[in-house]
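Heads up, the thing below is written out as structure tokens.
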Amino acid sequence: MHLKNKYVLAIDQGTTSSRAILFNRQGNIVTVAQKAFQQYFPNPGWVEHDPNEIWYTQSSVIKEAMAKADVSENHIACIGIANQRETTIVWDRETGFPVYNAIVWQDRRTSDYCEELKEKGYAECIQQKTGLVIDAYFSATKIRWILDNVKGVRERAGRGELCFGTVDTWLMWKLTRGERFITDVTNASRTMLFNIHTQEWDKELLELFNIPPVMMPEVVSCSDVFAEVATPLFKSPIPVSGMAGDQQAALFGQLCIEEGMIKTTYGTGCFMIANTGDKPVVSQNNLLTTIGWKIAGKVTYALEGSVFVGGAAIQWLRDGIGLIPNASISEQLAKAVSDNGGVYFVPALTGLGAPYWDQYARGTIVGITRGTTACHLTRAALEGICYQVYDVLMAMENDINYKPKEIRVDGGAIANNFLMQFQADISRCPVVRPRVLETTALGAAYLAGLAVGYWKNIDELKEQWSLDKVFSPEMKKEEASRLLSEWHKAIGSARGWALPN
Ligand code: ADP
Numbered sequence: 045m046h047l048k049n050k051y052v053l054a055i056d057q058g059t060t061s062s063r064a065i066l067f068n069r070q071g072n073i074v075t076v077a078q079k080a081f082q083q084y085f086p087n088p089g090w091v092e093h094d095p096n097e098i099w100y101t102q103s104s105v106i107k108e109a110m111a112k113a114d115v116s117e118n119h120i121a122c123i124g125i126a127n128q129r130e131t132t133i134v135w136d137r138e139t140g141f142p143v144y145n146a147i148v149w150q151d152r153r154t155s156d157y158c159e160e161l162k163e164k165g166y167a168e169c170i171q172q173k174t175g176l177v178i179d180a181y182f183s184a185t186k187i188r189w190i191l192d193n194v195k196g197v198r199e200r201a202g203r204g205e206l207c208f209g210t211v212d213t214w215l216m217w218k219l220t221r222g223e224r225f226i227t228d229v230t231n232a233s234r235t236m237l238f239n240i241h242t243q244e245w246d247k248e249l250l251e252l253f254n255i256p257p258v259m260m261p262e263v264v265s266c267s268d269v270f271a272e273v274a275t276p277l278f279k280s281p282i283p284v285s286g287m288a289g290d291q292q293a294a295l296f297g298q299l300c301i302e303e304g305m306i307k308t309t310y311g312t313g314c315f316m317i318a319n320t321g322d323k324p325v326v327s328q329n330n331l332l333t334t335i336g337w338k339i340a341g342k343v344t345y346a347l348e349g350s351v352f353v354g355g356a357a358i359q360w361l362r363d364g365i366g367l368i369p370n371a372s373i374s375e376q377l378a379k380a381v382s383d384n385g386g387v388y389f390v391p392a393l394t395g396l397g398a399p400y401w402d403q404y405a406r407g408t409i410v411g412i413t414r415g416t417t418a419c420h421l422t423r424a425a426l427e428g429i430c431y432q433v434y435d436v437l438m439a440m441e442n443d444i445n446y447k448p449k450e451i452r453v454d455g456g457a458i459a460n461n462f463l464m465q466f467q468a469d470i471s472r473c474p475v476v477r478p479r480v481l482e483t484t485a486l487g488a489a490y491l492a493g494l495a496v497g498y499w500k501n502i503d504e505l506k507e508q509w510s511l512d513k514v515f516s517p518e519m520k521k522e523e524a525s526r527l528l529s530e531w532h533k534a535i536g537s538a539r540g541w542a543l544p545n
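First residue of the sequence shown: 45, per the working numbering; consecutive thereafter.
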């Protein structure tokens with residue numbers, strides 16, 4: 045079969061589900077298959093996954109997506125992987141058995157240790173090498189926790205018997221039956237062990253966290269033929285040729301390929317990333333400097349701000365307190381009132397991410413009166429998502445010295461028109477919703493397809509990006525300023541709430 049008539053298989057291994065999507069050459073979705081998997085919460089603030097379940101759900105959706113399209117391996121040009129980042133897996137090099145569950149990016153068990161590191165003055169050195177702010181979010185302290193707390197593991201690691209990987213590494217290992225032990229630069233840049241300037245594992249940091257270098261995977265680029273995989277999934281080999289962390293994949297899928305372009309994903313959390321070109325911009329405003337992608341030996345850097353609770357605030361209204369029956373009704377409820385009625389909801393349910401980085405902040409609702417209704421509360425939750433994204437945008441603008449022309453958006457919550465319009469109003473910046481919403485998977489597909497000549501070059505991809513809707517700012521400037529000043533008062537109430545007395 046001619047290459048151009050084939051499909052690209054994108055693997056999108058997310059925090060709550062594994063997905064597989066087949067794309068055609070026009071960048072359109074042919075089939076999608078998705079399976080949720082179990083979330084484990086063994087202690088307050090702990091979040092774990094079963095690495096084997098990640099693999100089983102992922103391999104089964106690959107088969108399902110192919111079956112739905114009625115295609116065999118001969119119809120697949122290549123495979124691209126995008127994955128939840130930072131989540132940490134340690135397994136036995138011989139048997140492939142994980143020594144512990146995957147510790148998920150959201151897991152806070154190493155917060156106290158991170159505070160200790162900050163007190164000892166490591167923040168500057170770690171930011172300088174890795175581009176990151178010290179936080180339990182990243183892999184380093186999670187690996188250290190496994191080595192220190194699972195019996196016999198430190199000795200085995202020292203003898204070179206164990207492998208560490210983020211989810212990309214784990215999937216690649218499983219796909220190649222242990223032949224390839226690699227991670228791509230974007231995933232590596234989220235471990236807090238990777239020097240983003242030299243693009244190597246950092247010896248001093250490995251020492252600081254007491255992690256044997258022999259556990260670490262080889263670091264590769266994002267778009268290259270990394271392996272040809274056949275069994276256990278396919279009868280004949282298919283190249284795996286794209287790999288990136290989910291947010292970086294989405295930046296690429298949104299074709300934010302020029303310096304200064306920005307995308308924000310509205311999923312469980314909200315993630316804003318700006319392409320900063322070939323320069324790593326050191327943030328003065330608590331954002332993360334990270335690697336956007338590496339293609340043909342050339343690194344593109346990015347600046348990122350992560351908001352921990354975005355769409356999850358709406359999920360909490362639904363599942364936590366049963367205020368709404370489903371997420372999409374939030375739009376109707378918010379529009380049913382003319383304003384927020386003075387109610388502000390800071391959705392710091394798991395602390396605050398960028399730009400505050402306050403692990404002791406907690407969810408706070410202020411301004412409730414006897415006139416407050418479910419509509420006001422719902423509206424306050426949606427507005428709260430937008431205000432948080434606004435705060436990240438301001439930090440970003442200060443760091444890059446530039447006001448972006450537009451923000452491209454993706455993720456499950458962008459179906460909400462109220463949310464999009466309010467974001468544009470508050471930010472005084474057009475919010476642009478593309479036609480293909482599966483930008484993470486599309487980015488993985490693009491990276492893979494470019495490596496095997498399925499797509500000729502990035503210019504060819506640029507022509508594929510198409511618009512669904514632009515939300516332009518409509519609110520008066522004075523009104524936006526008033527709302528923002530009240531929001532910042534509310535943030536003040538949420539900060540530091542859970543600090544020990
Ligand atoms: P993830 O990939 O992080 O699991 P998704 O991109 O699938 O998340 O987005 C799901 C999130 O978006 C959920 O937290 C959900 O509450 C929220 N969400 C989904 N639809 C809407 C909507 N119409 N309005 C507001 N929030 C929504």
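C-beta atoms are modelled at their ideal positions from N, C-alpha and C, and glycine is treated no differently.
- Task: Figure out for me which residue from Asn329, Thr174, Glu138 has the closest Cα to the Cα of isoleucine 444.
- Result: Residue numbering aside, residue 444 sits at position 400 when the sequence shown is read from its first letter. Here the closest residue by C-alpha is Asn329.
- Task: Please work out which residues of its chain come closer than 8 Å, Cβ to Cβ, to arginine 406, disregarding the five sequence neighbours upstream and downstream, and give them in chain order.
- Result: Position 362 of the sequence shown, counting from 1, holds the residue named residue 406. Only Ala392, Leu393, Gly395, Ala538, Trp541, Ala542 meet the Cβ criterion.
- Task: Put tyrosine 388 into one of helix, strand or coil per three-state DSSP.
- Result: Start at 1 with the first residue of the sequence shown, and residue 388 comes out as number 344. Note: tyrosine 388 maps to strand in three-state DSSP.
- Message: For valine 326, count the other beta carbons within 10 Å of its own beta carbon; 16 or more makes it buried, fewer makes it exposed. Which is it?
- Response: Residue numbering aside, residue 326 sits at position 282 when the sequence shown is read from its first letter. Valine 326 should be labelled exposed.
- Message: Tell me which residue opens and which closes the beta strand (DSSP E) that proline 478 is part of.
- Response: In the sequence shown, residue 478 corresponds to position 434, counting from 1. Taken as a continuous stretch (DSSP letters only), the beta strand (DSSP E) holding proline 478 covers 475–478.
- Task: Report the residue from Asn193, Lys195, Arg203, Ala184 whose alpha carbon sits nearest the alpha carbon of alanine 233.
- Result: Translated into positions along the sequence shown, residue 233 becomes position 189. Before going further, note that residue 233 is serine rather than alanine in the sequence given. Among Asn193, Lys195, Arg203, Ala184, the Cα nearest to that of serine 233 is on Ala184.
- Query: Between the region 262–269 and the region 468–477, do three or more beta carbon pairs fall short of 8 Å?
  - Reply: no
- Message: Closer than 8 Å is the cut-off here; do at least three beta carbon pairs connect the region 66–79 with the region 130–140?
- Response: no
- Nearest residue (CA-CA) to glycine 222, options Met464, Asp228, Gly209: Counting from one through the sequence shown, the residue named residue 222 turns up at place 178. When each option's Cα is compared against that of glycine 222, the closest is Gly209.
- Are the Cβ atoms of isoleucine 453 and threonine 416 separated by less than 7 Å? Taking the sequence shown and counting its residues from 1, the one referred to as residue 453 is at position 409. Taking the sequence shown and counting its residues from 1, the one referred to as residue 416 is at position 372. Note that residue 453 is valine in the sequence shown, not isoleucine. Result no, Cβ atoms of valine 453 and threonine 416 do not sit closer than 7 Å.
- Pick from Val269, Ile335, Pro256, Ile255: whose alpha carbon is nearest that of glutamine 291? Mapped onto the sequence shown, residue 291 falls at position 247. Residue Ile335 is the option with its Cα nearest to glutamine 291.
- Query: Going straight from the alpha carbon of phenylalanine 515 to that of threonine 139, what length do you get?
  - Reply: Looking up residue 515 in the sequence shown gives position 471. Looking up residue 139 in the sequence shown gives position 95. Roughly 52 Å separates the two Cα atoms.
- Message: DSSP three-state label for aspartate 268, please.
- Response: Numbered from its first residue, the sequence shown carries residue 268 at position 224. Correct three-state label for aspartate 268: strand.
- cysteine 547 in three-state terms, based on DSSP: Absent from the structure is residue 547, since the part of the chain shown begins at 45 and ends at 545.
- the region 478–487 touching the region 52–68, judged by at least three CB pairs closer than 8 Å: yes
- Task: Report yes if the C-beta of glutamine 359 is less than 6 Å from at least one heavy atom of the ligand ADP; otherwise report no.
- Result: By one-based count along the sequence shown, residue 359 stands at place 315. Yes; taking the cut-off as 6 Å, the Cβ of glutamine 359 has a heavy atom of the ligand ADP nearer than that.
- Query: Looking only at its own chain, which residues have a Cβ that is under 7 Å from the Cβ of glutamate 375, when we skip the five neighbours before and after it?
  - Reply: Working through the sequence shown from its first residue, we reach residue 375 at position 331. Once the five neighbours on either side are set aside, the close Cβ partners of glutamate 375 are Asn460, Asn461, Phe462.
- Task: Quick one: residues in its chain with C-beta nearer than 6 Å to the C-beta of phenylalanine 352, no 5 flanking neighbours on either side, listed in chain order?
- Result: Numbered from 1 along the sequence shown, position 308 holds the residue referred to as residue 352. Answer for phenylalanine 352: Gly313, Thr394, Gly397, listed in chain order.
- Message: Could you tell me the alpha carbon to alpha carbon distance between alanine 293 and glutamate 441, rounded to whole angstroms?
- Response: The sequence position of residue 293 within the sequence shown is 249, counting from 1. The sequence position of residue 441 within the sequence shown is 397, counting from 1. Taking the straight line joining both Cα atoms gives about 22 Å.
- Where alanine 180 and tryptophan 149 are concerned, what is the direct C-alpha to C-alpha distance, given to the nearest angstrom? Working through the sequence shown from its first residue, we reach residue 180 at position 136. Working through the sequence shown from its first residue, we reach residue 149 at position 105. Rounded to the nearest angstrom, the two C-alpha atoms are 8 Å apart.
- Message: Is the beta carbon of alanine 424 closer than 7 Å to that of leucine 367?
- Response: Working through the sequence shown from its first residue, we reach residue 367 at position 323. Working through the sequence shown from its first residue, we reach residue 424 at position 380. No, these two residues do not count as a Cβ contact at 7 Å.
- Message: Taking only three categories from DSSP, how would you classify isoleucine 470?
- Response: What you label residue 470 is simply residue 426 of the sequence shown in a count that begins at 1. Helix, per DSSP.
- Leaving out five residues before and five after arginine 137 in sequence, what residues of the same chain have Cβ atoms less than 7 Å from its Cβ? Within the sequence shown, numbered from 1, the residue matching residue 137 stands at position 93. These residues qualify, in order along the chain: Glu205, Leu206, Cys207.
- Give the single residue among Lys48, Trp214, Cys300, Val390 whose Cα lies nearest to the Cα of isoleucine 120. Here residue 120 is taken as the residue at index 76 of the sequence shown, counted from 1. The shortest C-alpha separation from isoleucine 120 is found at Lys48.
- Query: Quick check: the region 87–107 against the region 249–260, are there 3 or more CB pairs under 8 Å?
  - Reply: no
- Query: What three-state label does DSSP hand valine 273 in the structure shown?
  - Reply: Taking the sequence shown and counting its residues from 1, the one referred to as residue 273 is at position 229. Residue state, collapsed to three classes: strand.
- Taking leucine 299 as part of the beta strand (DSSP E), name the residues at either end of that continuous run. For the purposes of this step, residue 299 is taken as the residue at position 255 of the sequence shown. Leucine 299 -> no beta strand (DSSP E), and no H or E assigned at all.
- Query: From which residue to which residue does the beta strand (DSSP E) around threonine 320 run?
  - Reply: Here the question's residue 320 lines up with position 276 in the sequence shown. Its beta strand (DSSP E) spans residues 314–321.
- Terminal residues of the alpha helix (DSSP H) in which serine 537 lies: As a position in the sequence shown, residue 537 is number 493, starting the count at 1. Residues 521–538.
- Exposure of tyrosine 310, with buried meaning 16 or more beta-carbon neighbours within 10 Å: Residue mapping note: residue 310 aligns to position 266 of the sequence shown, counting from 1. Buried, since its Cβ has 16 or more Cβ neighbours within 10 Å.
- By how many angstroms is the C-alpha of alanine 380 removed from the C-alpha of threonine 174? In the sequence shown, residue 174 corresponds to position 130, counting from 1. In the sequence shown, residue 380 corresponds to position 336, counting from 1. If I take the Cα positions, the gap works out to 46 Å.
- Query: Using a threshold of 6 Å, is the CB atom of alanine 378 nearer than that to any non-hydrogen atom of the ligand ADP?
  - Reply: As a position in the sequence shown, residue 378 is number 334, starting the count at 1. No, the ligand ADP has no heavy atom inside 6 Å of this Cβ.
- Query: Whose CA, out of Gly341, Thr333, Val436, Val390, lies closest to the CA of glutamate 530?
  - Reply: Taking the sequence shown and counting its residues from 1, one reaches residue 530 at position 486. For glutamate 530, the nearest C-alpha among the options comes from Val390.
- Item | Assumed close pair serine 104, lysine 79 - CB separation to whole angstroms, cut-off 8 Å | Here the question's residue 104 lines up with position 60 in the sequence shown. Here the question's residue 79 lines up with position 35 in the sequence shown. Confirmed, about 6 Å.
- Item | Burial state of serine 350 (16 or more Cβ within 10 Å) | The count along the sequence shown starts at 1 and reaches residue 350 at position 306. Classification of serine 350: buried, given that the 10 Å Cβ count is 16 or more.
- Message: Rounding to the nearest angstrom, what Cα-Cα distance links glutamate 163 and threonine 220 in this structure?
- Response: Taking the first residue of the sequence shown as 1, we reach residue 163 at position 119. Taking the first residue of the sequence shown as 1, we reach residue 220 at position 176. Their backbone Cα atoms lie some 43 Å apart in a straight line.
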